[in-house]
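A.B. asks: Sharing a structure here in structure tokens format.
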Amino acid sequence: MTAAREAIALPILFLLVLLAGGVHIGAADPLVPPSPYVLVLGALIVRVAIQSGALAPEQLLASTRSTLANLNGAVVLATMWLASAQTIAVLIPDSGVPRLAFSVFFLMLLLHTAAAAPDRQRLLRSLAVTFGSAFVIKFVVLDTLSTPGDSGFRRALLALFDNVTAGALIQAPQHPLNAYLALLVVALFLMGVFLLPFREPLERYSSLNAAAGLIRKP
Amino acid sequence: MSETATRSIGLVLVSAFAFLIGWLYVRQPHTLAQVTGGLSAVVGTYSVDERAFADARRFFKNDQFVEARMAFDRADPAVRDARTQFYIAYSYYRQGWGRLSHDDRLYTEGLAAIDRAIALAPGGRLVVDDPALGMHTAEELKAELEAGLRVDASDFNPARVFTSRK
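Chains A and B supply the protein sequences, listed in that same order.
The opening position of the first sequence corresponds to residue 1 in the numbering used here, with each subsequent residue numbered one higher.
The opening position of the second sequence corresponds to residue 1 in the numbering used here, with each subsequent residue numbered one higher.
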């Protein structure tokens, strides 16, 4: 990995995710920082990325590197953690049962992914599918269900649905630009994870097998 | 460019961007004008639009408080000037003042504006030398607004109809 990518491109990309993910257009608080819970989930994403080889921390922090290079590496790790947390925060609905369900779902999913120990390619694919599905559910399904609509019939139907579900599913209406912003955040985050210094699969399996005592060094 | 230079530039850039994000999270700006004005204030280049400020004061003296606030907002779009916020709070006080009762909604807005003014004033001390005003300090105005929002025995004193607006 080049110094420019490590020192400039990746941290700026992840900080952009942190900033854009916090923007809530039309809300009383226009910028919302990641909550402690999503910071924990963000740490789990970093852990899974390291485990899968999608992130090779030894290429960012090592005693053989200079202090400045290690500082750049630490910045990449820290910004990736914050960006992971913010990406999840963007995809979790704002209130009600969907918020609780998504919060638990992401925790279970990340623990499951850690247990399954996928390789880099599978992890990237899994993150893209998971984030894409969460995006569709939050910004297409729930948003459509929560939109009051123009006609009286549609509003009456929404009121009935809200009563039947005891207000558990309906979300507060949000600015249409928030969906585009969320899509940008997810895309930038996935791009950032793709650009991280990674471990080659062979190297990964060799190191895992060596750790398990399956390969003896000559 | 050498690797050390690239890494150093990266560190400076990232630090500046991280500072900007932190500042935005703390300030919570609602408009682009508040972002640019706030950043100008950080580097010490922010100033109010004196022409709009003069218009606002003219409206204020004529008891055209809604117009005055619009002009004050134009004069201080970034909400960074303590004196302008003081006048905005004062306009809420004068508009909300009544001989028999005060308008709680306007007084609440006034209280929020005077709190902003106090937060923006250096050391929290704000004195406005304007002979047209009955109160010249942020503390006096804040106390008056708070007293107007409070319900106590003095509210039922018939003599209050003889009090005058400051």
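For every residue, glycine included, the Cβ atom is placed at its ideal position computed from N, Cα and C.
Distance cutoff 8 Å, beta carbons only. Does B:Leu13 sit that close to anything in chain A?
C.D. replies: At least one chain A Cβ lies under 8 Å of B:Leu13.
A.B. asks: For the alpha helix (DSSP H) that A:Ser126 lies in, which residues bound it at each end?
C.D. replies: Looking at the DSSP string, the run of the alpha helix (DSSP H) that includes A:Ser126 is Arg120 to Val136.
A.B. asks: Would you give the residue range spanned by the alpha helix (DSSP H) that A:Leu68 belongs to?
C.D. replies: That run of the alpha helix (DSSP H) goes Thr67 to Leu91.
A.B. asks: Would you mind working out which of A:Ser52, A:Asn72 and A:Gln171 sits nearest A:Asp94, comparing C-alpha positions?
C.D. replies: Looking at the Cα atoms, A:Gln171 is the closest of the given residues.
A.B. asks: Among B:Gly110, B:Ala52, B:Val151 and B:Asp63, which residue has its Cα nearest to the Cα of B:Leu100?
C.D. replies: The shortest Cα separation from B:Leu100 among B:Gly110, B:Ala52, B:Val151 and B:Asp63 belongs to B:Val151.
A.B. asks: How long is the line joining the alpha carbons of A:Ala114 and A:Gln51, rounded to whole angstroms?
C.D. replies: Distance between the alpha carbons of A:Ala114 and A:Gln51 is about 8 Å.
A.B. asks: DSSP on B:Leu39, reduced to helix/strand/coil?
C.D. replies: Here B:Leu39 sits in helix by DSSP.
A.B. asks: Measuring straight from C-alpha to C-alpha, what distance separates B:Ala132 and B:Phe60?
C.D. replies: If I take the Cα positions, the gap works out to 10 Å.
A.B. asks: Mind checking the stretch 2-17 of chain A against chain B and listing, in chain order, the residues whose C-beta falls within less than 9 Å of any C-beta there?
C.D. replies: Against chain B - using a Cβ distance shorter than 9 Å - the residues of the stretch 2-17 of chain A are Thr2, Ala3, Ala4, Glu6, Ala7, Ile8, Ala9, Pro11, Ile12, Leu15 and Leu16.
A.B. asks: Would you mind reading off the limits of the alpha helix (DSSP H) that contains B:Pro77?
C.D. replies: Counting along the chain, B:Pro77 falls outside any alpha helix (DSSP H), and DSSP gives it neither H nor E.
A.B. asks: Would you list the residues sitting across from B:Val127 in a DSSP beta bridge?
C.D. replies: DSSP, once it has assigned bridges, lists B:Thr137 as partnering B:Val127.
A.B. asks: What residues are listed by DSSP as bridge partners for A:Leu31?
C.D. replies: According to DSSP, which records beta bridges pairwise, A:Leu31 is partnered with A:Val23.
A.B. asks: As a quick exercise: from B:Phe156, B:Ala113 and B:Pro122, pick the residue whose alpha carbon is nearest that of B:Leu141.
C.D. replies: Checked all of B:Phe156, B:Ala113 and B:Pro122; the closest Cα to B:Leu141 is B:Ala113.
A.B. asks: Just reading off the alpha helix (DSSP H) that A:Met191 is part of, what are its end residues?
C.D. replies: A:Met191 -> alpha helix (DSSP H) spans Leu177 to Leu195.
A.B. asks: Secondary structure at B:Gln64, three-state DSSP: helix, strand or coil?
C.D. replies: It is coil, neither helix nor strand.
A.B. asks: Which of helix, strand or coil does DSSP assign to A:Glu200?
C.D. replies: A:Glu200 falls in the coil class under three-state DSSP.
A.B. asks: Could you please tell me which residues of the stretch 50-82 of chain A, in chain order, have their CB closer than 7 Å to any CB of chain B?
C.D. replies: Within the stretch 50-82 of chain A, the residues whose Cβ lies closer than 7 Å to some Cβ of chain B are Leu68, Ala69, Leu71, Asn72 and Val75, listed in chain order.
A.B. asks: Is it true that the stretch 133-145 of chain A meets the stretch 73-81 of chain A, where meeting means three or more beta-carbon pairs spaced less than 8 Å apart?
C.D. replies: They do not touch, by the three-pair rule.
A.B. asks: Quick one: list the residues of chain A neighbouring B:Ile21, beta-carbon separation under 7 Å, in chain order.
C.D. replies: Correct list: Leu15, Leu18 and Leu19.
A.B. asks: Using a Cβ cut-off of 8 Å (strictly closer), state whether A:Gly22 contacts chain B.
C.D. replies: Output row for A:Gly22: interface = yes.
A.B. asks: Residues of the stretch 25-36 of chain A with a CB closer than 8 Å to any CB of chain B: list them in chain order, please.
C.D. replies: So the list reads Asp29, Pro30, Leu31 and Pro33, given in the order they occur along the chain.
A.B. asks: Give me the chain A residues within the contact set of B:Arg7, using Cβ-Cβ distance strictly less than 7 Å, ordered along the chain.
C.D. replies: Within chain A, the residues near B:Arg7 are Ala3, Ala7, Leu68, Ala69 and Asn72.
A.B. asks: For B:Glu109, go through chain A and note every residue whose CB falls closer than 8 Å to its CB, in chain order.
C.D. replies: Simply none; closest approach about 15 Å.
A.B. asks: Please report the straight-line C-alpha distance between B:Glu67 and B:Ala56, rounded to a whole angstrom.
C.D. replies: Rounded to whole angstroms, B:Glu67 to B:Ala56 spans 7 Å at the Cα level.
A.B. asks: Would you please verify whether the beta carbon of B:Gly96 is less than 8 Å from any beta carbon of chain A?
C.D. replies: So no, B:Gly96 is outside the interface.
A.B. asks: Who are the near neighbours of B:Arg80 in its chain, counting only those whose CB is closer than 7 Å to its CB and skipping five residues on each side?
C.D. replies: Counting only Cβ-Cβ distances below 7 Å, and skipping sequence neighbours, we find Gly37, Gly38, Ala41, Tyr46 and Leu120.
A.B. asks: Helix, strand or coil for A:Pro218? Go by DSSP, reduced to three states.
C.D. replies: Confidence at A:Pro218 is low in this model, with a pLDDT of 49, below 50, so the placement of that residue should be treated as unreliable; the coordinate-derived value is given next. Three-state DSSP puts A:Pro218 in coil, outside helix and strand.
A.B. asks: Identify each residue in the stretch 25-58 of chain B for which the Cβ-Cβ distance to at least one residue of chain A is less than 8 Å, and report them in chain order.
C.D. replies: Listed by position, the residues of the stretch 25-58 of chain B near chain A (Cβ gap below 8 Å) are Tyr25, Gln28, Pro29 and His30.
A.B. asks: Between which two residues does the alpha helix (DSSP H) containing B:Asp155 stretch?
C.D. replies: Looking at the DSSP string, B:Asp155 is not in any alpha helix (DSSP H), and its letter there is neither H nor E.
A.B. asks: In terms of residue numbering, what span does the alpha helix (DSSP H) encompassing B:Asp49 cover?
C.D. replies: Careful: B:Asp49 lies outside any alpha helix (DSSP H) and carries neither H nor E.
A.B. asks: Kindly list, in the order they appear in chain A, the residues whose Cβ is closer than 7 Å to that of B:Phe17.
C.D. replies: Near B:Phe17 (Cβ distances below 7 Å), the residues of chain A are Ile12 and Leu15.
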